[in-house]
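In the numbering used here, the protein residues as written are 362 to 649.
Built from N, CA and C at the ideal position, the CB exists for glycine as well.
Below is one structure, written out as C-alpha cells; comments come after it.
Below you can see the structure in the form of C-alpha cells.
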C-alpha cells in the first residue's frame, strides 16, 4: 500500500514536470472595455459635453484637490453649464470645498456622468436664478474645454487652466504660456489666496514660504498697468524684467499703489517661465 502511494506521488510529480500548471489559468482577464467604470478622465469640448449633459441632467461633481463630491443638476446655459446643487446636503458639501465662503475662485473638478469622467472647471459664487429647494441662492457655472463666458463670449483663461489641471495636462500647458500670462495667473493666485496657483507660477527659493504667507494678508491685489514686449522678441531669453503698477490692500497697510518690476526666469530654453518670488517679495516689502 505504501509502495502504491509512492508510485502515485511520483506519477503526479512527473505529470507536473511534463505538464506544468499555469497558475494564472483560472484568473479572469479583463480588458478595459470589460470594466464597469472607465477610469480615463476625458477632456471633452463643450460642443460634445453639452449633449452628454442636457438640460435637467443630474450628475456628480468631484473636487480634484479635496476629493469631496456632491450631486448637481444642469438647469440651463448655452456657452457653459449653469448648474445647481441637487439638495441642501450637496450645497453644504460644496460650501465646505470653498472653506465656508462662496467665491468666484476657479476650481478643477471632474464631472462623473454614468461611467464617464470629464475634466471641467467651476466657480463657487451663487448668482442669477435658482429653482431647486437646496439652500443655494441661485446657480453656479461649470466650464468645459472650449466653453466661453456669457458676457464676453471668450474663453476664461483660468477656467481653461483648471480644466487642464483636472485632465492631467496642466504642466504641459504651462510650457506654452508666455510670461505675461504667467504673471496673470500669479496675480490671480494672490487675489484668491490660491496655494496651488502660487506653487505652479513661482520659482521655489528661500522666500517662497514667506510669499505664500504674505499672500494670505492680501484682501485685494491687481495689476493696473504692465509694459509689454512682443512675445516673438523673447525667444531664447532666460530672464525677463516686466515693469508693472500694482494696487493692493491689506489690513495692516491699507490701500497701496506701487510701481514695481516682476522678474521671470527659465532654467533653460526648454523650460517654462516662472516668477522670481524672492524679487517680488522684496519689492512689496520695500527692500529693493
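Nearest-angstrom Cα separation, counted from residue j out to residue i
| i | j | result |
| --- | --- | --- |
| residue 600 | residue 611 | 30 angstroms |
| residue 466 | residue 546 | 12 angstroms |
| residue 561 | residue 532 | 8 angstroms |
| residue 592 | residue 446 | 42 angstroms |
| residue 484 | residue 458 | 11 angstroms |
| residue 473 | residue 401 | 11 angstroms |
| residue 435 | residue 419 | 7 angstroms |
| residue 634 | residue 534 | 12 angstroms |
| residue 482 | residue 529 | 13 angstroms |
| residue 512 | residue 586 | 23 angstroms |
| residue 422 | residue 544 | 30 angstroms |
| residue 568 | residue 578 | 16 angstroms |
| residue 456 | residue 505 | 21 angstroms |
| residue 551 | residue 582 | 7 angstroms |
| residue 556 | residue 574 | 10 angstroms |
| residue 478 | residue 429 | 15 angstroms |
| residue 487 | residue 596 | 43 angstroms |
| residue 598 | residue 503 | 37 angstroms |
| residue 475 | residue 501 | 22 angstroms |
| residue 608 | residue 629 | 32 angstroms |
| residue 518 | residue 614 | 30 angstroms |
| residue 632 | residue 624 | 15 angstroms |
| residue 408 | residue 619 | 44 angstroms |
| residue 515 | residue 509 | 5 angstroms |
| residue 480 | residue 602 | 35 angstroms |
| residue 522 | residue 648 | 33 angstroms |
| residue 417 | residue 454 | 21 angstroms |
| residue 604 | residue 462 | 34 angstroms |
| residue 381 | residue 427 | Note that residue 381 has pLDDT 42, beneath the 50 cutoff, so the model's placement of it is unreliable and the number below is only indicative. Cα-Cα distance, rounded: 49 angstroms. |
| residue 537 | residue 594 | 15 angstroms |
| residue 590 | residue 520 | 26 angstroms |
Integer-rounded CB distance, given that residue j should sit under 8 angstroms from residue i
| i | j | result |
| --- | --- | --- |
| residue 636 | residue 563 | 5 angstroms |
| residue 433 | residue 444 | 5 angstroms |
| residue 496 | residue 490 | Contact doesn't hold; Cβ gap of about 15 angstroms is too wide. |
| residue 406 | residue 507 | 4 angstroms |
| residue 527 | residue 442 | Not really, about 15 angstroms apart at Cβ, beyond 8 angstroms. |
| residue 404 | residue 524 | 7 angstroms |
| residue 451 | residue 431 | 4 angstroms |
Residue i versus the options, residue with shortest Cα-Cα distance
| i | options | result |
| --- | --- | --- |
| residue 606 | 448, 621, 628 and 435 | 621 |
| residue 464 | 554, 537, 643 and 596 | 554 |
| residue 412 | 557, 518, 437 and 428 | 437 |
| residue 627 | 539, 568 and 585 | 539 |
| residue 565 | 639, 417 and 574 | 639 |
| residue 576 | 542, 616, 594 and 559 | 559 |
| residue 449 | 589, 648, 597 and 493 | 493 |
| residue 580 | 429, 479 and 548 | 548 |
| residue 642 | 570, 537, 616 and 524 | 570 |
| residue 588 | 609, 541, 439 and 595 | 541 |
| residue 617 | 646, 631 and 522 | 646 |
| residue 572 | 409, 451, 644 and 460 | 644 |
| residue 440 | 602, 410 and 452 | 410 |
Contact test: residue i Cβ vs the ligand MG heavy atom, cutoff 7 angstroms
| i | result |
| --- | --- |
| residue 621 | The ligand MG is not part of this structure, which contains no ligands at all. |
| field | Every unbroken alpha helix (DSSP H) within the segment 426 to 498, with a cutoff of 4 residues, ordered by chain | value | 449 to 458
| Which runs of the alpha helix (DSSP H) fall wholly inside the segment 535 to 623 and span at least 4 residues, in chain order? | 540 to 552, 556 to 562 and 569 to 576
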